[in-house]
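The sequence shown finishes on residue 185 if you use the numbering used here, and the numbering steps up by one all the way, no holes.
Report on one structure; see the data block that follows.
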Amino acid sequence: MNIERTRDARRVFEGVKVNLDVVKIQTADGGTVEREVVVHPGAVTILGILDDGRIVMIRNHRWTVGKKLWELPAGTLEAGEDPAVCAGRELIEETGYEAAKIQRLTEFYTSPGILTEWMYTFVATGLKHVGQALEETERIEVEPVEPDRLIQMIRDGEVVDGKSISTILYWLTFVKTK
8 MNIERTRDAR
18 RVFEGVKVNL
28 DVVKIQTADG
38 GTVEREVVVH
48 PGAVTILGIL
58 DDGRIVMIRN
68 HRWTVGKKLW
78 ELPAGTLEAG
88 EDPAVCAGRE
98 LIEETGYEAA
108 KIQRLTEFYT
118 SPGILTEWMY
128 TFVATGLKHV
138 GQALEETERI
148 EVEPVEPDRL
158 IQMIRDGEVV
168 DGKSISTILY
178 WLTFVKTK
């Protein structure tokens, strides 16, 4: 199998959370193409489970799509930050729940055709409510949801956030069923 190789990359935008590179790629047949790549520091998604088995979901207004979405809590890694530490921080900030235990679940690229974001997913248990610590611009509603209802919400298209769907279905398929 012939693999495309990067020949040249130049940064065309440096942002607060992401950068944009234009990359020249040598194709397997010897040609050259340019691609735009959003360079992302990585992120975490947290599946918080209350003692009664409900999953901690949030309703988060996403201005990029102009909608309030059902999601699992999530956040972007700070430079050099341990993903598990980020998961604990984001869980408290967005939901007000502190976890006694945070375990790595799985990892994946969110959209590898254009974005370098690597998503770390975690399961948080032993939750204690300590109060939200939202950023000034965040408006997040917290609603615990029964797993069966959550499956129906995914099936009905109420949950359309890819990282949340992937994390929930991974947990239900490979962890909860054991």
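Idealized CB from N, CA, C, for every residue including glycine.
None of the values given here were measured: they were computed from a predicted structure.
No Cβ-Cβ contact shorter than 7 angstroms links V19 with V30. In the three-state reduction of the DSSP assignment, E41 falls in the strand class, which pools E and B. The beta-carbon distance between V72 and H47, rounded to whole angstroms, is 18 angstroms. This is too long to meet the 8 angstroms contact definition. Using a 10 angstroms sphere on the CB of T180, the tally of other CB atoms stays under 16, which defines it as exposed. Inter-segment contact for the segment 153-160 and the segment 55-66 is present: three or more beta-carbon pairs are separated by less than 8 angstroms. Of the residues assessed, L141 falls on the exposed side of the cut-off, its CB having fewer than 16 other CB atoms within 10 angstroms. Boundaries of the beta strand (DSSP E) harbouring I109: 104-116, taken from the DSSP string. Along the segment 115-172, the alpha helix (DSSP H) occurs as fully enclosed runs of 4 or more residues at 154-162, listed in sequence order. Y116 and T132 have their C-alpha atoms roughly 25 angstroms apart. Taken through DSSP and simplified to helix, strand or coil, T71 comes out as coil. Per DSSP, the beta-bridge partners of W77 are R66. Within the DSSP secondary-structure output, E21 pairs in a beta bridge with N26.
For the pair of segments examined, the segment 121-139 was found to touch the segment 81-101: the number of CB pairs separated by less than 8 angstroms reaches three. Listed as beta-bridge partners of I32 by DSSP are T13, V40. Under the Cβ criterion (8 angstroms, minimum of three pairs), the segment 165-184 does not count as touching the segment 100-107.
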